[in-house]
Structure formats: structure tokens, C-alpha cells
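Each protein sequence line maps, in turn, to chains A and B. Using the numbering used here, the letters of the first sequence correspond one by one to residues 10 to 317. Using the numbering used here, the letters of the second sequence correspond one by one to residues 10 to 317. Notes follow once the structure below has been shown.
2 protein chains.
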Amino acid sequence: MRRIAVLCGGVGAARLLAGLVQVVDPASVAAIVNVADDDEFHGLHVSPDIDTVLYTLGGVVEESQGWGRRDETFHAQAELARFGEETWFRVGDRDLAAHIHRTRLLRAGMSLTDVVDGMRRALGIRARILPATDAAQRTMVRTAEGWIAFQEYFVRRRTADAVREIRFEPEAAPTAAVRAAIAEADVIVIAPSNPFVSIGPILALAGMRDAIRSARAKVVAVSPIVGGAAIKGPAGAMLAALGHEVSALGVARVYADLAATFVLDEQDRALVRDVETLGVRAVATATIMRDDASRAALAQAALDAASR
Amino acid sequence: MRRIAVLCGGVGAARLLAGLVQVVDPASVAAIVNVADDDEFHGLHVSPDIDTVLYTLGGVVEESQGWGRRDETFHAQAELARFGEETWFRVGDRDLAAHIHRTRLLRAGMSLTDVVDGMRRALGIRARILPATDAAQRTMVRTAEGWIAFQEYFVRRRTADAVREIRFEPEAAPTAAVRAAIAEADVIVIAPSNPFVSIGPILALAGMRDAIRSARAKVVAVSPIVGGAAIKGPAGAMLAALGHEVSALGVARVYADLAATFVLDEQDRALVRDVETLGVRAVATATIMRDDASRAALAQAALDAASR
Chain A
10 MRRIAVLCGG
20 VGAARLLAGL
30 VQVVDPASVA
40 AIVNVADDDE
50 FHGLHVSPDI
60 DTVLYTLGGV
70 VEESQGWGRR
80 DETFHAQAEL
90 ARFGEETWFR
100 VGDRDLAAHI
110 HRTRLLRAGM
120 SLTDVVDGMR
130 RALGIRARIL
140 PATDAAQRTM
150 VRTAEGWIAF
160 QEYFVRRRTA
170 DAVREIRFEP
180 EAAPTAAVRA
190 AIAEADVIVI
200 APSNPFVSIG
210 PILALAGMRD
220 AIRSARAKVV
230 AVSPIVGGAA
240 IKGPAGAMLA
250 ALGHEVSALG
260 VARVYADLAA
270 TFVLDEQDRA
280 LVRDVETLGV
290 RAVATATIMR
300 DDASRAALAQ
310 AALDAASR
Chain B
10 MRRIAVLCGG
20 VGAARLLAGL
30 VQVVDPASVA
40 AIVNVADDDE
50 FHGLHVSPDI
60 DTVLYTLGGV
70 VEESQGWGRR
80 DETFHAQAEL
90 ARFGEETWFR
100 VGDRDLAAHI
110 HRTRLLRAGM
120 SLTDVVDGMR
130 RALGIRARIL
140 PATDAAQRTM
150 VRTAEGWIAF
160 QEYFVRRRTA
170 DAVREIRFEP
180 EAAPTAAVRA
190 AIAEADVIVI
200 APSNPFVSIG
210 PILALAGMRD
220 AIRSARAKVV
230 AVSPIVGGAA
240 IKGPAGAMLA
250 ALGHEVSALG
260 VARVYADLAA
270 TFVLDEQDRA
280 LVRDVETLGV
290 RAVATATIMR
300 DDASRAALAQ
310 AALDAASR
């Protein structure tokens with residue numbers, strides 16, 4: 010069985026994973042998921058990227074937005090507001106169950122890795138879902154107003170601030186399960202997620218870059234930038250603000266020291282030659298994941314590109 | 010302003026309070042509420058009697074059952090079950106907000122008294138709602154199978170076990186706010202709640218019986234037993250199991266050392282003379298609280314009886 014490790018942020022990664030489990034044995038897939046977006050709301054531990062992956066692979070995600078639960082209601086949130094709780098981070102009633110359950114187990118001393126493993130089994134998911142770290146690694150973003158927590162930037166301020174600098178604190182290490190998944194992988198896929206605040210925190214974990222570079226796996230990255238803009242989220246604005254070109258080429262430069270192969274959208278086919286001057290093989294294909302078929306096709310294309 | 014302190018359990022007490030605030034200035038009322046039924050579910054602090062009083066006075070209670078939120082949904086609970094959480098204690102989505110909010114503030118170091126005061130203000134309630142204690146006083150019930158926690162007996166086992174003994178642990182003290190409410194009261198009402206597991210824990214608090222006996226207030230108790238059975242809950246079975254007569258007279262004997270006046274239902278009028286042989290003035294009136302009018306009438310009758 011060919012083993013596949015996928016470095017994951019939220020929506021884009023979850024959709025690629027949903028494609029991957031259609032084209033390979035789901036048990037061969039290890040999703041290594043960013044947790045530096047995790048935060049506490051109403052005293053509950055919220056893991057946005059983990060839950061997006063869980064809900065998507067569990068078939069309960071709200072497809073129209075790519076995250077959160079389908080058929081969601083917000084009755085608890087309305088009452089939390091009445092009690093004066095801050096509610097800029099919206100939490101639905103079904104979603105709340107994940108946060109309550111996770112928080113209870115974490116407080117009881119269970120690792121996030123073990124908590125998430127129980128949750129993915131409860132949702133009938135066969136692919137492994139591995140938090141990148143069990144430590145409290147958190148993304149901080151520097152804006153004109155100083156350093157703020159990621160969710161403050163991302164949700165409360167709706168990514169309106171120009172990002173001047175990003176850091177992850179405190180320094181954290183990948184879990185043993187993540188190190189093993191990297192070492193055992195035949196293919197490592199860098200999902201089409203934000204290179205700075207989704208993939209960045211995973212790569213910033215102690216020893217992670219070296220582990221990927223020294224792994225026997227072929228590494229393929231999929232561009233989250235199509236036609237000069239991000240499919241979703243602030244990746245485009247961040248590339249620009251941090252001095253990178255807002256294009257698939259800009260992303261390829263960020264990953265050039267790790268990925269042997271780079272998948273970009275067919276509408277960026279003109280950039281193939283520029284990417285290849287970085288010493289990276291470039292493959293243009295359809296990368297927009299509208300439905301199950303396009304997700305499966307992109308997953309297959311990425312695996313094929315990696316193995317070529 | 011005549012000050013009124015009410016010793017309270019759940020549904021019966023909440024309904025009497027709803028009557029009381031119709032006939033006196035709500036700001037003159039201090040509800041002293043049992044917290045020995047409190048427990049933790051899903052890692053959240055649940056205060057059943059406090060919430061029944063909050064929801065009833067806040068006008069959001071499910072009237073058909075007397076507790077819980079009106080128009081409640083159970084979406085979070087269904088997902089908690091999917092994650093393997095025990096769900097014999099049902100928690101609705103709207104109700105969950107109270108538990109989440111309370112738990113967050115308690116973990117941050119706030120007293121239950123201050124948490125509940127914020128919640129009653131948020132619900133627009135002018136009467137003060139005072140947890141009997143801020144300590145973790147808990148009711149334990151001894152059955153044929155040994156000592157079990159109150160909610161285990163009450164909810165999970167549906168009061169099916171014969172109760173052989175009741176204890177409250179650890180020993181706890183009333184709050185300063187409760188001691189002041191007792192000392193300042195002109196009338197102390199013992200609500201028609203379970204004498205053993207609702208009023209009992211309040212009276213078991215350190216110094217509480219002496220504080221009531223030495224208070225200048227007139228003390229009036231309202232019988233929760235009508236026509237030889239409890240209006241609601243296991244009070245009848247408990248009276249029998251603990252060797253008491255299952256009647257208003259049996260209840261009057263329990264309170265005879267504290268209450269100068271005892272209000273019983275008009276259908277128990279034949280017991281008035283027996284109650285009075287205990288040295289307690291007995292008043293028969295309509296005690297079944299079907300609607301706002303009957304609640305107000307009972308509250309007024311209790312105040313009148315106390316002052317006569």
C-alpha cells in the first residue's frame with residue numbers, strides 16, 4: 010500500500026482529502042492538520058482546521074461554505090449573546106458538540122491526537138487525521154495595531170488588516186504520529202492551503218522541514234493561488250503584504266526547497282516554465298474542486314505528478 | 010419595604026416565586042436556591058434548581074414541564090451522543106448556553122453567586138437569586154445499591170430506588186449574601202419543594218437552622234404534599250421511605266421546629282387541627298399553581314398567613 014501524508018489547512022485541504030479517499034485506500038492517508046488556528050471561545054477548545062477536515066470527510070460539512078455543520082442552528086449562540094458572551098466567532102449547536110467533547114477530554118488529560126482519533130472514528134472516517142502537534146502552538150499576526158491572535162485577525166477583523174509579520178508561539182514539536190507519517194510516506198502532498206498560516210505553522214514545527222527533506226517520499230505541492238488570486242481566504246493579500254508575487258509562481262518559490270513537484274491550475278499554464286526554473290517540476294491541471302469528481306481528479310493528478 | 014427570603018428547590022419554588030413577584034416589589038425578594046443537585050455533564054457545570062428559577066422568572070421556561078427552555082432543540086446533544094458522550098442527562102441547545110457561560114466564569118474564578126447574579130440580570134429578573142452556598146455541597150442518596158449522586162438517583166435511575174438515607178457532602182456554609190438575606194428578612198418562606206433533597210441541603214448548611222430560628226422574620230412553610238402525594242417528584246416516596254407520614258402533616262412535623270405557620274392545601278383542611286397540635290399555625294388554601302393567578306394567590310396567602 011502506497012502511504013500518503015498530506016499537510017493540511019482547512020477548506021482546500023479538506024476538499025483535496027475528500028478527493029484522495031476516492032482514488033486510494035483511505036487507510037493509506039494520513040492528514041497532518043494545522044492546529045495553530047486553535048483558540049478558546051466560551052471556555053471551549055475550538056480547532057477550526059481539524060473540524061473542517063472531520064466534517065468534510067465525515068460527510069456532514071456545510072458544502073456551500075466548506076466549513077461548519079450542514080443544517081446548522083445557532084440557538085445556544087443566541088443565548089450566549091444574551092448572557093453577554095462575545096459571539097464574533099460563530100458556533101452552531103451541532104458544532105458546539107465537537108468543542109464540548111474535545112474540551113472535556115483535553116481537560117481530563119487526553120492528548121489532542123487521541124481526542125481527534127476518537128472523533129474521526131465516531132464520524133466513520135477511515136483516513137487518519139493527525140493534529141500537527143499536541144502542543145499549544147498558536148499563530149500570531151502583526152498588523153499596524155501590533156500582534157494579534159489569528160482568529161482575531163481572521164474572524165473578528167475579517168482579514169482586513171495588512172499582515173506585516175507572522176510568528177508561531179511557543180516553539181512546538183510535531184507528534185510522534187506525525188513524524189512517523191512523514192517518515193513512512195511514499196508521497197507527501199502539500200494541500201492547496203494558505204502557505205503562511207496553514208502550512209507555515211506545520212513546517213515551523215521543530216525538525217519538520219528536515220524531516221520532510223530527508224524523507225524518502227516524493228513531495229508535491231498544490232497551488233492555492235489560481236489566476237493571481239486565492240480560491241478562498243487571505244492567501245493572496247498575505248503573499249502581497251509579505252513581499253511575494255501573488256501568483257502560483259510566488260507560491261512555488263515558497264515551497265521550492267521542499268517540493269520536487271508543483272501542481273498549478275491550467276489557467277496558470279503560462280507559469281510552468283518559470284516554476285521549472287526554480288528546479289521544480291510543474292504540472293498544470295484543473296485545480297478548482299467544485300464537486301466529488303473534480304476533487305478526485307485533482308487528487309489523482311497530484312499523485313500522478315509526484316510519481317512521474 | 011418588607012423583605013422576603015424564600016428557601017427554594019426547583020419547579021414548585023420557581024412557580025411560587027413567579028406568584029410572589031406579582032404581589033410584592035420583586036426587588037424585595039431574595040430566592041435562596043438549593044445547589045446540592047448541581048453536577049457536571051460533558052465537563053459543564055449544571056445547576057438544575059438555579060436554572061429552573063432563572064428560566065421561570067425570566068419567562069423562558071417550558072411551562073408544560075416546569076423546567077428547561079421553551080421551544081428547545083437538542084442538536085448538540087445528538088452530536089455529543091455520536092461522539093460517545095453519556096446523554097442520560099438531557100441538555101438542550103438553549104439550556105447549554107447557561108452551562109457553558111457558567112462553567113467559563115467559574116473556571117475563571119468567579120463565585121457561583123456572582124455568576125448567577127449576572128445571569129438573572131441578563132434575563133431581566135429583578136428578584137435576587139442567591140445560590141444557598143458557593144461551596145460544592147452535593148446531595149448523596151443511599152439506596153439498596155449503596156451511595157449514589159443525586160442526579161444518578163433522580164435522572165438516570167428516575168427515582169426508582171427506595172431512599173434509605175440522604176447526606177450532603179462536604180459540609181458547607183451559606184454565602185454572606187444568604188446570611189444577610191435571612192437576617193434582614195421580614196418573612197421567610199419555605200417553598201413547596203422536596204423537604205429532604207431541596208430544602209434539606211439549604212437547612213444543612215453550617216449555622217443555617219440557628220440563623221433562621223434567631224432571625225426576626227416570621228417563617229411560613231408551604232406543603233409540597235397535597236392529598237397524600239407530592240405535586241411533582243419523589244417527595245412522597247421519600248417521606249414514606251424515611252419513616253414519615255406521607256401527608257401535609259408529615260411535612261409539617263419536619264418543619265415544626267422552624268416554621269411558625271404552615272400552609273397546606275384546602276383538600277387537606279382536615280389536617281389543620283393535627284398540624285396545630287405541633288404548635289404551628291395552619292392555614293388551608295388553594296396551593297396548586299396552574300397559572301399566574303393561582304401562583305399570585307398562593308404567594309399572597311402565604312404572606313398573609315405569615316403575618317396573621
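In this text, a Cβ means the ideal position worked out from N, Cα and C, and glycines have one as well. If you're wondering where the values come from, they're calculated on a predicted model, not measured in any experiment.
Taking every protein chain shown into account, the CB of B:Arg-147 has 16 or more other CB atoms within 10 angstroms, so this residue is buried.
Proximity of chain A to B:Thr-112 at the Cβ level (cut-off 7 angstroms) is accounted for by Gly-52, in chain order.
Between A:Arg-79 and A:Glu-193, the CB-CB gap reaches or exceeds 8 angstroms. Burial state of A:Trp-76 is buried, judged by a 10 Å Cβ sphere holding 16 or more other Cβ atoms. For the options A:Val-150, A:Gly-209 and A:Arg-167, the alpha carbon positioned closest to that of A:Lys-241 is the one of A:Arg-167. In the structure shown, A:Leu-273 falls within a strand segment according to DSSP collapsed to helix, strand and coil.
For A:Arg-103, the enclosing alpha helix (DSSP H) stretches over residues 102-116.
Excluding five sequence positions before and after A:Trp-156, the CB atoms of its chain that fall closer than 6 angstroms to its own CB belong to Met-149, given in chain order.
Shown here for B:Gly-237: same chain residues with a beta carbon closer than 7 angstroms to its own, the five before and five after excluded, namely Val-255 and Ser-256 in chain order. Taking 8 angstroms as the cut-off, the Cβ atoms of A:Leu-212 and A:Thr-142 do not count as close.
Fewer than three Cβ pairs drawn from the region 27-38 of chain B and the region 215-232 of chain B lie within less than 8 angstroms of each other, which leaves the two stretches out of contact. Here B:Arg-262 is buried: its Cβ has 16 or more other Cβ atoms, across all protein chains shown, within 10 Å.
With contacts defined as CB atoms closer than 8 angstroms, A:Ile-138 and A:Val-62 qualify as a contacting pair. With the criterion set as a beta carbon lying under 8 angstroms from some beta carbon of chain A, the region 57-75 of chain B has no members that meet it. Contact between the region 83-93 of chain A and the region 58-72 of chain A is absent: fewer than three C-beta pairs spanning the two stretches fall below 8 angstroms. The alpha-carbon separation between A:Arg-99 and A:Gly-21 amounts to approximately 20 angstroms.
Rounded to the nearest whole angstrom, the C-alpha separation of B:Phe-159 and B:Ala-246 is 15 angstroms. Relative to the Cα of A:Ala-249, the nearest Cα in the group A:Ile-191, A:Val-172, A:Val-289 and A:Ile-197 belongs to A:Val-172.
A:Ala-136 does not reach chain B, its nearest Cβ partner there being about 18 angstroms away, counting only Cβ pairs nearer than 7 angstroms. For a Cβ distance threshold of 9 angstroms, nothing in chain A lies close to B:His-253: the least Cβ distance comes to about 40 angstroms.
At a cut-off of 8 angstroms between C-beta atoms, B:Gly-93 counts as an interface residue with respect to chain A. The beta carbon of B:Glu-94 lies closer than 6 angstroms to those of His-51 in the same chain, with the five residues before and after it left out.
Counted as a single uninterrupted DSSP element, the beta strand (DSSP E) harbouring A:Thr-294 occupies residues 290-294. Contact check for B:Pro-140 against B:Ile-59 passes: the beta carbons are separated by less than 8 angstroms.
DSSP, reduced to helix, strand and coil, places A:Met-298 outside both helices and strands of the structure shown, so it counts as coil. By the beta-carbon neighbour count (other beta carbons within 10 angstroms, threshold 16), A:Gly-133 is exposed. For B:Asp-102, the closest Cβ of chain A is nearer than 8 angstroms.
The beta carbon of A:Arg-111 lies closer than 6 angstroms to those of His-54 and Val-124 in the same chain, with the five residues before and after it left out. Residue state for A:His-84 is assigned as helix, using DSSP reduced to three classes. In its chain, beyond the 5 residues on either side, Pro-140 and Asp-143 have a beta carbon closer than 6 angstroms to the beta carbon of B:Leu-121. Listed as beta-bridge partners of B:His-54 by DSSP are B:Glu-49.
The straight-line gap separating the alpha-carbon atoms of A:Arg-290 and A:Thr-270 is approximately 5 angstroms.
Residues of chain A with a Cβ closer than 8 angstroms to the Cβ of B:Thr-82 are, in chain order, Thr-82, His-84 and Asp-102. Look at B:Met-298: its C-beta is not under 8 angstroms from any C-beta on chain A.
Counting along the chain, A:Val-164 sits inside no alpha helix (DSSP H), nor does DSSP assign it H or E at all.
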